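The sequence shown lines up with residues 0 to 289 when you count with numbering that gives the first Met the number 0. Report on the structure given below.
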Amino acid sequence: MFESFKKKFGKALNEENGQEIRKTEIEDNIRTILLESDVSFDTAERIISDLENFISGSKKRVSMKDVKHELRASVEEILRENETDIDLLNPPKKPMVILFLGINGTGKTTTVAKIANYLKANNKRVVVAASDTFRAGAIEQLSILCDRIGVHLIRHETGSDPASVAFDAIEHAHARNLDFVLIDSAGRMQTNKNLLEEMKKMKRVAKPDLTVLVLDAMIGQDAVHQAETFNKETPFDAVILTKLDTDARGGAILTISDQLKKPILFVGVGQEMGDLQPFDYNWYLERIMP
Ligand SMILES: Nc1nc2c(ncn2[C@@H]2O[C@H](COP(=O)(O)OP(=O)(O)OP(=O)(O)O)[C@@H](O)[C@H]2O)c(=O)[nH]1
Ligand SMILES: [Mg+2]
């Protein structure tokens with residue numbers, strides 16, 4: 000994952016390039032690498048400005064090793080600022096209701112099933128709500144996944160009210176003293192008013208304890224724009240970034256952290272149920288820093 004990001008950094012920061020640091024050249028190189036790796040312009044500038052301050056402000060001669068160290072610190076700071084204290088294995092409430100939203104095809108349904116699987120593996124009792132009643136086939140898709148992992152699914156007919164499915168799932172969880180209700184939802188463009196209204200209704204009825212925006216890492220810089228538009232209409236608390244196993248360049252992680260100021264809870268790293276991991280910024284740093 001993110002091999003090209005790391006490789007380019009490695010090349011630009013090669014300590015064998017000689018001891019002489021050419022400040023403008025280094026900054027230009029790093030900026031280009033960041034932009035090519037899907038880091039947004041503003042986030043790239045923040046990192047470059049950190050470097051600039053460091054190099055200009057340093058009293059002693061700056062070595063490539065120092066630059067590398069500073070770059071890592073700058074990236075780490077961005078990630079740490081939005082580190083999350085949300086720990087699903089120690090939920091604050093019972094049942095804890097989690098609503099998943101996002102545009103079409105980002106991986107919501109797969110992610111709901113992966114999270115259900117993760118929670119179940121950690122001895123949590125879960126019910127899933129098939130609240131994508133909009134897309135033909137959505138309920139069946141989720142039903143197959145839930146059967147596979149052995150988690151109960153609350154479903155109504157296609158076309159029925161998604162909020163009422165969520166409501167039933169929450170009742171079900173209360174009645175059986177379950178730990179989690181995971182609510183799938185229909186993919187919606189951030190521009191589709193009707194679907195956004197429907198989502199607002201869902202939020203009013205289900206009163207989720209956590210609303211998660213599922214974003215596809217492949218869309219790179221546009222992820223932030225998409226997320227900001229969502230946040231205005233249907234505010235969310237955290238992000239799950241999917242498809243990091245495909246050739247996503249990895250910069251979206253930095254941009255989301257820096258610009259959305261939302262924590263990344265999990266990352267999706269494949270199509271199987273086990274292909275989900277809690278986001279750990281050290282794991283990411285190891286993958287991008289030389
Ligand atoms: N490689 C890879 N594929 C993923 C990942 N997460 C989801 N997918 C795939 O992405 C496709 C879409 O996933 P869905 O879960 O159906 O997406 P969705 O957001 O529910 O889509 P809609 O319901 O149509 O809005 C499927 O083929 C998934 O297998 C991931 O982390 N890695
Ligand atoms: Mg879906």
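Quick reminder that beta carbons are idealized off the backbone N, C-alpha and C, glycines included. Computed from a prediction, not measured in an experiment: that's the story for all the values here.
Note that the stretch 103-111 does not touch the stretch 70-79; fewer than 3 beta-carbon pairs, one per stretch, sit closer than 8 Å.
Shown here for R248: same chain residues with a beta carbon closer than 8 Å to its own, the five before and five after excluded, namely F1, S3, F4, E35, S36, D37, G219 in chain order.
The closest heavy atom of ligand 1 lies 8 Å or more from the beta carbon of G250.
In this structure, R154 lies near L141, with their beta-carbon atoms less than 9 Å apart. Secondary-structure assignment with DSSP links Q276 through a beta bridge to V266. As a beta-bridge residue in DSSP terms, A237 pairs with V211. Within 10 angstroms of the beta-carbon of A72 lie fewer than 16 other beta-carbons, which makes it exposed.
The Cβ-Cβ distance between A185 and L194 falls below 9 Å. Contact between the stretch 223-237 and the stretch 252-260 is present, with at least three C-beta pairs closer than 8 Å. Taking each of V66, E82, M272 in turn and checking the Cα distance to R147, the smallest one comes out for M272. When distances are taken from the beta-carbon of A185 to the heavy atoms of ligand 2, the shortest one is below 8 Å.
Under the three-state reduction of DSSP, I85 is assigned to coil, being neither helix nor strand. Only residues of its own chain outside the window of five on either side were considered, and among them S73 have a CB closer than 6 Å to the CB of I46, listed in chain order.
The way I'd put it, the stretch 90-103 does touch the stretch 165-183; three or more beta-carbon pairs between them come closer than 8 Å. By the Cβ test, the stretch 112-127 is not in contact with the stretch 226-234, since fewer than three Cβ pairs between them sit closer than 8 Å. Beta-bridge partners of L98 (DSSP): I182, T210.
Assigned with DSSP and collapsed to three states, H151 falls in strand. Annotation for V223: the continuous alpha helix (DSSP H) segment containing it runs 221-232.
Proximity of the stretch 162-181 to the stretch 59-66 falls short of the contact definition, fewer than three beta-carbon pairs being nearer than 8 Å. DSSP places V38 in the coil class of the three-state scheme, outside both helix and strand.
Shown here, V61 sits in coil according to DSSP, grouped into three states, outside any helix or strand.
Taking all protein chains shown into account, R187 has 16 or more neighbouring C-beta atoms within 10 Å of its C-beta and is therefore buried.
Put simply, the backbone Cα of I114 is about 11 Å away from that of L264. Per the C-alpha coordinates, the member of G136, A112, A137 positioned closest to V127 is A112. Relative to ligand 2, the beta carbon of T108 is positioned inside 8 Å of a heavy atom. Taken through DSSP and simplified to helix, strand or coil, A251 comes out as helix. Its chain contains F265 as the residues whose beta carbon lies nearer than 6 Å to that of P277, once the 5 sequence neighbours on both sides are disregarded; these appear in chain order. Going by C-alpha positions, I287 is about 14 Å away from T254.
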